[in-house]
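Structure first, then comments.
Residue numbers (the numbering used here): 542 to 677.
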């Protein structure tokens with residue numbers, strides 16, 4: 542059994558990667574400086590659906606009374622986006638990409654208190670334009 546916590550979160554089986562995607566190779570832009578796209582592998586995504594727990598909602602209610610950052614929800618949102626991002630990277634790695642361009646987030650309230658967060662982008666294979674520009 543694999544001890545990687547991401548394997549337990551991903552909603553699909555993990556196959557051995559041909560390449561891997563590092564966080565530095567994910568961008569909201571449609572190109573990476575000093576790299577050229579050699580192959581477009583299509584859209585990749587990471588989806589996480591989360592609900593608030595009742596105790597966090599009560600704690601957030603108290604924070605709303607005094608104002609300021611609602612840390613309970615901030616932490617939940619940050620963790621949910623992070624998980625969706627990691628699953629997107631995992632999906633790209635699984636299909637053989639070494640970079641993701643055009644990365645975006647989207648969020649939708651599924652029902653009261655339940656939100657879906659989607660991280661998506663285009664999985665690509667890139668090559669450095671010069672050997673000196675590639676750092677692994």
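Think of the CB as a built atom: it goes at the ideal place given N, C-alpha and C, for glycine as much as any other residue.
Figure out for me which residue from 570, 584, 575 and 572 has the closest Cα to the Cα of residue 634.
One-based indexing of the chain shown puts residue 634 at position 93. Measuring from the Cα of residue 634, the nearest candidate turns out to be 584.
I'd like to know whether the C-beta atoms of residue 654 and residue 641 end up nearer to each other than 8 Å.
Your numbering for residue 654 matches position 113 in the chain shown. Your numbering for residue 641 matches position 100 in the chain shown. No, Cβ-Cβ distance for residue 654 and residue 641 is not below 8 Å.
Quick one: what's residue 580 bridged to in DSSP?
Your numbering for residue 580 matches position 39 in the chain shown. Bridge partners of residue 580: 666.
Quick one: residues in its chain with C-beta nearer than 7 Å to the C-beta of residue 542, no 5 flanking neighbours on either side, listed in chain order?
The residue labelled residue 542 in the question sits at position 1 within the chain shown. Low per-residue confidence applies at residue 542: pLDDT is 44, beneath 50, and the placement is therefore not dependable, though the value from the model is reported in the following sentence. Once the five neighbours on either side are set aside, residue 542 has no close Cβ partner at all.
Could you pull the DSSP bridge partners for residue 659 from this structure?
As a working mapping, residue 659 is identified with position 118 in the chain shown. 588 and 647.
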